[in-house]
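Trainee: Provided herewith is a single structure, encoded as structure tokens, for subsequent inquiry.
There are 2 protein chains.
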Amino acid sequence: MRPSIREALLKNAVTLFAGRGYHAVSLRDIAKAAEANVGSLTYHFGSKANLLKEIYERHTQPMNARRRELLGEARRISNPDERLMAIIRAYIVPAFISSSESDGGGAEFTRMRAVLSAEGNPDAQAIIADAFDETSRAFIEAIAECVPGASREGLVWRSQFLLGGLYYALINPERVSRLSGGAVNGEDREAAVGQLVEASYASFRSLAADTGAAADMIKQEKTA
Amino acid sequence: MRPSIREALLKNAVTLFAGRGYHAVSLRDIAKAAEANVGSLTYHFGSKANLLKEIYERHTQPMNARRRELLGEARRISNPDERLMAIIRAYIVPAFISSSESDGGGAEFTRMRAVLSAEGNPDAQAIIADAFDETSRAFIEAIAECVPGASREGLVWRSQFLLGGLYYALINPERVSRLSGGAVNGEDREAAVGQLVEASYASFRSLAADTGAAADMIKQEKTA
DNA sequence: GATCAATTTGTACATTTGTACAAATAGTAA
DNA sequence: TTACTATTTGTACAAATGTACAAATTGATC
């Protein structure tokens, strides 16, 4: 029970940015949510841009470390399909589930990343490119080894769609609930992870030279 | 050569909102981009919120009409796999490619939708839910008929991932170029459409009761 | 308790924001 | 031309914004 104003400011900033975007949230909004004074923000962070930078610095490293850790485990699986599934899971899970100590939560931070990415926030862009591209590349490499014959182009695009699906699941979960008439709960992150992993598995798997979707189609076309 | 200030304002507003988000763009930014005066915005649209509303009203109906038209054509295909592919394409293409007359372009409008959706813009939310949910539902129904045995949950989640992938392809194409080391051009919309259609096809197809990814995996597990 | 640094508060300031509106201009029909 | 409407311009204004900073408060060390 001592979240030290500084922590409270950071945490509330993530939540507010994730919910409304960067420019729609004022420093006074953040201060009010954290039950603190506006001045405390300039004192601790200097500027709004720097507050954002500190948020990224706090979450990026732990999240990617966890990803690399899980990727390392996944790579030891010999069966290529099982390995592919585990690799995809290693990429997705740390973005959805908050890691042990780092409060704020992986999902809220990821959602904030999604929103700032959509806004093309220039402060965020540089950090993201530096910190996340390397990790993404490592995952694409690992996935490539599971899907022999897959084109580099296909792999990169599918990794883009994977991240887009991940982001949108966090940004707009209400749509899932609405479209299903309430039968599916879009806020259920466990379910979202499971569905995204399976969908991405199929998406990557179809790049394989022999058992791709196109091949499937041609086969079925001929029998029809 | 007569884009009538009103048209220029609308068009530039879409571009700017799509690039930076709603709150980051001021009415003066829009006026300057359209080489017009600030006052012309209040004259033509009354308020910033209403400007947004008019943008949606202009693009939503034509885009969804085109989607329904293509969906109708796709449904006439008898082979379920070919039909599935055509249905997915019918959903994606109008969002990427600008329809004939409605200037502004489908892609720019879609990108704007993506950004405002990420920002949770309340003005946009109501319009989106009303205008697009019905169309999405129709597509999910049509897809369901192509994939016997697919769970409703799986279909809805995959439609969510499809839309997320679509949005993210428009929001952050630079990432594709970067991750591929320049080998793939993220701005190439033709390629993006093709890749997204194929990936989504595999994603939906894997929901089929017999040839799903899970079944594939179990099979491979046993032989390994 | 006294001293000093760290933090928190309150307030002030220049800019920018959306909006309003009167004056100027352009367009059109008689 | 003249009369009238539609549009465009310029400017004004209150509210909100990020930032700065002096004063007040708290916390720790001696």
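Chains as they are written, first to last, in the numbering used here: chain A, 6 to 229; chain B, 6 to 229. Glycine included, C-beta positions come from ideal geometry on N, C-alpha and C. Source: prediction; values computed, not measured.
#1: Between Tyr173/B and chain A, is the shortest Cβ-Cβ distance under 7 Å, so that the two count as touching?
#2: Please confirm if Ile132/A has its CB atom under 7 Å from at least one CB of chain B.
#3: In this structure, how does DSSP classify Ala196/B when only helix, strand and coil are distinguished?
#4: What's the gap between the Cα of Pro85/B and the Cα of Ile132/B?
#5: Specify the secondary structure class of Ser141/A as computed by DSSP and reduced to three states.
#6: Give the residues of chain B in contact with Val120/A, contact being defined as C-beta atoms less than 7 Å apart.
#7: Suppose you measure from the CA of Gly187/A to the CA of Ala79/B; what does that come to, to the nearest Å?
#8: How many angstroms separate the CA atom of Gly169/A from the CA atom of Asp193/B?
#9: Under 8 Å, with one C-beta from each stretch per pair, do the region 15-26 of chain B and the region 12-19 of chain A reach the 3-pair mark?
#10: What are the uninterrupted segments assigned as alpha helix (DSSP H) that are 4 or more residues long and contained completely in the region 157-185 of chain A, given in chain order?
#11: Give me the Cα-Cα distance between Val43/A and Arg73/B, rounded to the nearest whole angstrom.
#12: Give the interface partners of Val161/A over in chain B, defined as CB-CB distance under 7 Å, in chain order.
#13: Secondary structure at His28/A, three-state DSSP: helix, strand or coil?
#14: Under 8 Å Cβ to Cβ from Ala204/A, same chain only, skipping five residues before and after it: list those, please.
#15: Quick check on Gln200/A - is its C-beta less than 7 Å from some C-beta in chain B?
#16: Within 10 Å of its beta-carbon, does Tyr48/B have 16 or more other beta-carbons around it, so buried, or fewer, so exposed?
#17: Output the distance between the C-alpha atoms of Leu83/B and Met90/B, rounded to the nearest integer angstrom.
Mentor: So, from the listed chains and residues:
#1: yes
#2: no
#3: Helix, per DSSP.
#4: 33 Å
#5: helix
#6: Ala123, Glu124
#7: 28 Å
#8: 17 Å
#9: no
#10: Residue ranges of uninterrupted alpha helix (DSSP H) with 4 or more members, entirely inside the region 157-185 of chain A and ordered along the chain, are 157-176, 178-184.
#11: The alpha-carbon atoms of Val43/A and Arg73/B are separated by roughly 51 Å.
#12: Val181, Leu184, Ser185, Val189
#13: coil
#14: Gly170
#15: Answer yes: the Cβ-Cβ gap between Gln200/A and chain B drops below 7 Å somewhere.
#16: Per the 10 Å Cβ criterion, exposed.
#17: This sequence places Ser at residue 83/B; Leu is not what is there. For Ser83/B and Met90/B, the distance between alpha carbons rounds to 12 Å.
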